[in-house]
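Quick note, the sequence shown lines up with residues 0 to 147 if you use numbering that gives the first Met the number 0. Data first, discussion second: the structure below is written as structure tokens.
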Amino acid sequence: MTKHFVLSLAMAIAIAAGTVGDVMAAGPDSQGSQVNVTVKYTGPGTVDASHRVWVWLFDTPDIGPGSMPVAELTIEKNGATATFEGVSGARVWIAVAFDEHGSMSGNAPPPPGTPVGIYATATGAPEAVTVGDTKPVTVTFDDSLRMP
């Protein structure tokens, strides 16, 4: 993953902070518009209610200053699945962050040094997820990539 991508991710999250709430309640029309993301954090620290993993969906692979997340959720248990319902569009891209200091509230960008990751191909490029595929995709990340 390139330094440029990390900076772009940081900018996108900074722009989105406070503008995306915990997502959409499920309704009868949300069937087939679901995205399930299982997140495994393998770095130091325990995922719990005070140290959550934040999960964002984007409608573009170009996660940067001009892109806004379309949805945001958190998980409180390592290996848990974030279920986004009522997601628009055919494909989304996923970014995650671990709140290792327990200070993230969702209305500010992750602090510098926060562990981050994306759902990516083997080469590190963001990989699309098909909306409506109920099988979870898994994002595994550690503390080797951090917010600038």
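Quick reminder that beta carbons are idealized off the backbone N, C-alpha and C, glycines included.
query, result
"For Val46 and Val38, the rounded distance between their alpha carbons", "10 Å"
"Residues that Asp47 bridges to, as DSSP identifies them", "His50"
"Top-ranked residue by Cα proximity to Val34, from Thr80, Gly44 and Lys76", "Thr80"
"First through last residue of the beta strand (DSSP E) which encompasses Val36", "Val34 to Tyr40"
"Within 7 Å, strictly: CB atoms of Trp53 and Ala96", "yes"
"Residue closest to Pro68, alpha-carbon to alpha-carbon, out of Tyr40, Met103, Ile93 and Ser49", "Ile93"
"Residues near Ala127 in its chain [Cβ-Cβ closer than 8 Å; skip 5 each side]", "Pro60, Arg90, Val91 and Trp92"
"Reduced DSSP category for Ile62 - H, G, I as helix; E, B as strand; rest coil", "coil"
"Backbone CA spacing between Ser87 and Ser32 [nearest angstrom]", "7 Å"
"Heavy atom of the ligand COA within 6 Å of Val86 beta-carbon", "Of the ligands one can find in the structure shown there are none, so the ligand COA has no counterpart to examine."
"Pro114 - partner residues in DSSP beta bridges", "Arg145"
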